[in-house]
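Presented below is the structure to which this report refers.
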Amino acid sequence: MALEVKDLKIYYKTLKGYVKAVDGVSFRVKDGEILGIAGESGCGKSTLGNSLVLLKPPMNYIDGEVIIDDQKLPIADYEKMRSFRYRKIAIIPQYAMDALNPTRKIGRMLKELFESIGVPFETMIPKIKERLKIVNLPQNVLDMYPIELSGGMKQRMVMVIASLMDPSVMIADEITSALDASSQKAVVQMLREFRKRGFVRSLLFITHDISVLYQIADTVMIMYAGKVAEIMPMDKILRDALHPYTRLLISSLPEVGIRYTEKLLEGIPGQPPNLLNPPEGCRFKDRCPAANERCFEEPPFIQVEENHWIACWREVEKRA
Ligand SMILES: Nc1ncnc2c1ncn2[C@@H]1O[C@H](COP(=O)(O)OP(=O)(O)OP(=O)(O)O)[C@@H](O)[C@H]1O
Ligand code: SF4
Ligand SMILES: [Mg+2]
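Going left to right, the sequence shown walks through residues 26 to 345 as my numbering numbers them.
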C-alpha cells in the first residue's frame, strides 16, 4: 500500500471558530494506483492534498493518521516533514503555475529549491535535463523567466519539479483546469509516462473535470462538505454509483465530454453547508432526495463491494 489515510481531520482556525474542511476522511492508494478526487468547490479537496505535504497555519491537524510505504507520515510536524516532502510525497498545488516567481529564472529557482531541501543542484542537472526532454520542454528553459513560458509549458515545468525526487505519491491539484483541451491531454499523458517510468509510483489527481478523471484515474473518490461520500472504480461510476450525491453529480453532466463546472453543478438544488457550522448527521441531507429521519445521524462508511465504499444510510438499510 503506497498511502493510507485514516480518519483524518484538518480544520482551519478562524476568528469565528473552526472550519471543518477535512472531517474524518479515510482512503487507501495502492502501489501504482491513480486515485481521482472530485467534488464541488469548497468540499475540502485542496485542504486534504495540502495537509499531506504542507500542513501550516491556519490549517490545524485535529486527528487521524497517515501511513506512507508502511511508515507514519508526520504531517502535523512541519519540520519533520522536510525529510518526506518531495522525497516520499510531493504536491503540485492548485494554481502552482501562477505562483512561479516572476523575477527568478527557472534554473535559479530550482537551485534555491534544492538547496532548501539539502540537495546540491549540480547533482540534479542531468535528471532535470532528462525530464525536460520527456515533457517536451527545451533545455534552455532553465535560462528563461516564467513569463516566457505558455500556460501548458509552466504546468509541465511544475510537474517536473514535483517529480524530481521520485516520490512514492504525487498529488496533482487541478493541474489541468486552466489548460485548453490539447494541453490537458498532454499533461495527462505525461503523468502516465511518469508513472510508467517510475518517477512517481502513485497519484492523487484532484479535478473538477470528470472527463479528465476518465482518462487517468483507476479509482474515484467523491467528497462532499469535508467528508468522503463514495469511493469506487472509475470505469463503473456511470452505471454503479450508489450515493445520491454521486448520482446527482453524474446526472448534471452532459452526455458527451462529461465535464462539470460550478455552473453545471447548479443543477443540484441548494448549496453545500457552511463548514464553520456543519449540520449534524449526513451533511448532504438538506439536498438529498432520499433523506429520511435516519439521516440526522452520521452515516457509517461501509464497504459494499470490492473497492467500493459509501457513506449513506440508504445503503445500510438495504443491507440490514
Ligand atoms: N485559509 C483558510 N481559512 C479558512 N477557511 C479556509 C481556508 N482555506 C480554505 N478554507 C475553507 O475550507 C473549505 C475547503 O476548501 P478547499 O480549498 O479545500 O476546497 P476545494 O474542494 O479544494 O475547492 P475548489 O474546488 O474551489 O478548489 C472551504 O469551506 C473553504 O472556504
Ligand atoms: S445518508 Fe441520508 S441524506 Fe445522506 S446521502 Fe444517504 S440518504 Fe441522503
Ligand atoms: Mg481546491
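Don't be surprised by glycine CBs; every beta carbon is placed ideally from N, CA and C.
- A check of alpha carbon separations from Glu58 across Glu155, Val225, Ala115 identifies Val225 as the nearest.
- Relative to the Cα of Phe321, the nearest Cα in the group Arg344, Val237, Trp338 belongs to Trp338.
- Fully contained in the segment 50-94 are the following alpha helix (DSSP H) runs of length 4 or more, in chain order: 70-76.
- Taking 3 residues as the minimum length, the beta strand (DSSP E) runs contained wholly in the segment 210-270 are 227-231, 244-249, 252-258, in order along the chain.
- Not one heavy atom of ligand 2 is found less than 7 Å from the C-beta of Ala345.
- Of all C-beta pairs linking the segment 292-309 to the segment 76-87, fewer than three are shorter than 8 Å, placing the two stretches out of contact.
- Taking C-beta separations shorter than 7 Å and ignoring five residues to either side along the sequence, the partners of Gly49 in its chain run Asp32, Lys34, Lys252, following chain order.
- Ligand 1 approaches Lys70 closely enough that one of its heavy atoms is under 7 Å from the residue's Cβ.
- A direct Cα-Cα distance of roughly 31 Å separates Lys55 from Asp123.
- Judged by their CB atoms, Thr271 and Pro258 are not nearer to each other than the 8 Å cut-off.
- At least one heavy atom of ligand 3 falls within 7 Å of the beta-carbon of Asp198.
- Beta-carbon to beta-carbon, Ser193 and Phe219 are separated by about 13 Å, too far to satisfy the 8 Å threshold.
- Taken through DSSP and simplified to helix, strand or coil, Glu305 comes out as coil.
- Per DSSP, Phe321 is not a residue of any beta strand (DSSP E), being assigned neither H nor E.
- Around the Cβ of Glu199, a 10 Å sphere holds 16 or more other Cβ atoms; the residue is buried.
- One thing to note: Gly176 has its Cβ within 8 Å of the Cβ of Ala203.
- According to the DSSP assignment, Gln328 belongs to the beta strand (DSSP E) that extends over 326-330.
- In the three-state scheme derived from DSSP, where H, G and I count as helix and E and B as strand, Leu138 is classed as helix.
- For Gln119, the shortest separation between its Cβ and any heavy atom of ligand 3 lies below 7 Å.
- For Gly295, the CB contacts under 8 Å within the same chain, skipping 5 residues up- and downstream, are Asp311, Arg312 in chain order.
- Ordered by chain, the residues meeting the criterion of a beta-carbon within less than 5 Å of a non-hydrogen atom of ligand 2 are Pro269, Cys307, Phe309, Lys310, Cys313, Ala315, Ala316, Cys320, Pro324, Cys337, Trp338, Arg339.
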